[in-house]
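**Q** For the sequence shown, the residue numbers in mature numbering (1 follows the signal peptide of the UniProt record, and there is no 0) are -25 to -1, 1 to 360. The beta-carbon is built from N, C-alpha and C at its ideal position, and this holds for glycine as well.
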Amino acid sequence: MNSHPKRLVPILLAGLMAGMPNAFALEAGAVGARLKEVLSRQKIELDYDSATLEGSDVTLEGVTLKSAEAGESLPLGTLVLEDVREREDGSYRIETVELESFKHQKDGITVSMTDLAVSGLVLPPDVSDDPFGGFLRFDRMEAARLDVTNADGPIATAENLYSNSAVSADKQTIDMNGAIGSFWLDLGVMLEGEKALRTVEALGYQEVTGSAVMEGNWRASDGRVTLSRYEAAIDSAGTLILMLDLAGYTPEFFRQLEESGDDPMRGMAMLGMQQLTFHGASVRFVDDGLAEKGLAHAAQEQGSSPEDIVSQVKAAIPQQLSSFLGDELAGQIAEAVGTFLESPGSIEISAKPASPLPFAILMGAAMVSPEMLAKQIGLSVVANE
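1) Taking contact to mean 3 or more Cβ pairs, one atom from each stretch, closer than 8 Å, check whether the segment 248 to 264 and the segment 312 to 332 are in contact.
2) Excluding the 5 residues flanking tryptophan 193 on each side, which residues of the same chain have their C-beta closer than 6 Å to its C-beta?
3) Taking the alpha carbon of valine 343 as the point to measure from, which residue in Arg60, Ala244, Leu300 has its own alpha carbon closest?
4) So what does aspartate 122 bridge to, in DSSP terms?
5) Cα separation between aspartate 90 and threonine 53?
6) Nearest-angstrom Cα distance between leucine 1 and valine 33?
7) Give me, in chain order, the residues of the same chain whose beta-carbon lies closer than 7 Å to that of valine 102; leave out the 5 immediate sequence neighbours on both sides.
8) Are the CB atoms of glycine 306 and residue 363 within a distance shorter than 8 Å?
9) Give the DSSP-derived three-state secondary structure of residue 372 in the structure shown.
10) So, using beta-carbon positions, are leucine 21 and leucine 49 closer together than 8 Å?
11) Please return the same chain residues whose Cβ sits closer than 6 Å to the Cβ of glutamate 63, not counting the five positions on each side in sequence.
12) Which ranges does the beta strand (DSSP E) cover as unbroken runs of at least 3 residues, wholly within the segment 199 to 246, from first to last along the chain?
13) Could you name the residues of the same chain whose beta carbon sits closer than 8 Å to that of threonine 252, not counting the 5 residues immediately before and after it, in chain order?
14) Taking only runs that begin and end inside the segment 141 to 167, name each unbroken alpha helix (DSSP H) of 4 or more residues, in chain order.
15) Is it buried or exposed, glutamine 241, if we count other Cβ atoms within 10 angstroms and call 16 or more buried?
16) Alpha carbon to alpha carbon, how far is leucine 136 from aspartate 122?
17) My guess is that alanine 177 and histidine 254 are in contact by the Cβ rule of under 8 Å, so how many angstroms apart are they, rounded?
18) Taking Cβ to Cβ, would you say leucine 51 is nearer than 8 Å to leucine 74?
19) What residues match up with serine 321 in a beta bridge as DSSP calls it?
20) Leucine 10 by DSSP, collapsed to three states: which one?
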């Protein structure tokens, strides 16, 4: 009988160990190494001096980030990965990563951000075997404010920036959405060229304010990328709305692109011709004052009236486009542009082929005949619809 309590000891210990949070089994170095590997797939080089574990938090000291484009390391100091958990599939989930602020200076330009936070960051167990190809996955990324300045002062600001993402139930698709709550741009500083500067000054757009939103998804299995909504609204000017639907951006495509050498644009062009397909796209502009100001400025420059400018544009479009796009489409474009300029509402250019078209076919059609290409992609232009 006295031996029974002794026999219960290992059983109780096993039960206690099983009930402990899996964070106790974490190794800080392993988490840091995994984060470094995942970021490397995003072309971001992470370095740190040390990694320590306290409870379920991993602290990285002496952190620096370096992107392939920037070419310089950005010191971040201490980075705390809060509430790190290892999941059943071997991936790590980091509940929160916060950075109060950071600042980067290069070529006289200073970029600073405040209250940057990432929540629900997932680090797959094997980046090379990840179904999403090591694509950075998180529940939410946000920043309170972004500032860009030069020696003379502010150039651009943005507030309430965020991006959300979620993996579908079948583990095939990543859904994404994001927004910039508000932004301000000093076009008088950002634009180059005397003519461009004179134009924005005449239109009253030296400084502009606005907001932006986007929604889309990516299916890794066939590389289907759908930008279902992208809207950039400029106050007292208008809203630009884009939609795009392509396929072929698979993890394998990205892997081949990485191996294509030091010229990513050339690699993108070659691989894109071979593997990407076009499903559709559209560009829509909803006017909020830009058209009227633009017509008035053009009329003043030519010493005529806005009505004369509209008549000139309607007459010029068929003359310039008929030989490339055919009389029917050129006439449609002239009618749409004329309708929009006479009564500014909206104008939309869309392309929707009857069936998905490989980029190689599109390029071939463009070389043979722009009119053939326009018909293949179902190009159309409409106004005020």
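**A** Reading it off the structure:
1) Contact holds: three or more Cβ-Cβ distances are below 8 Å.
2) Ile149, Val200
3) Leu300
4) Answer is Ser87, Thr132.
5) 15 Å
6) 9 Å
7) Glu12, Val13, Arg16, Gly109
8) Only positions -25 to 360 of the chain appear in this structure, which leaves residue 363 out of reach.
9) The requested residue 372 does not occur in the structure, where the chain is confined to residues -25 to 360.
10) no
11) none
12) 199 to 209, 213 to 222
13) Leu221, Ala222, Gly223, Pro331, Leu332, Pro333, Phe334
14) 162 to 165
15) Contrary to the premise, residue 241 reads as arginine rather than glutamine in this sequence. Exposed, since its Cβ has fewer than 16 Cβ neighbours within 10 Å.
16) 12 Å
17) Not confirmed; about 40 Å, so no contact.
18) yes
19) Val261
20) Here leucine 10 carries a helix assignment [DSSP, helix/strand/coil].
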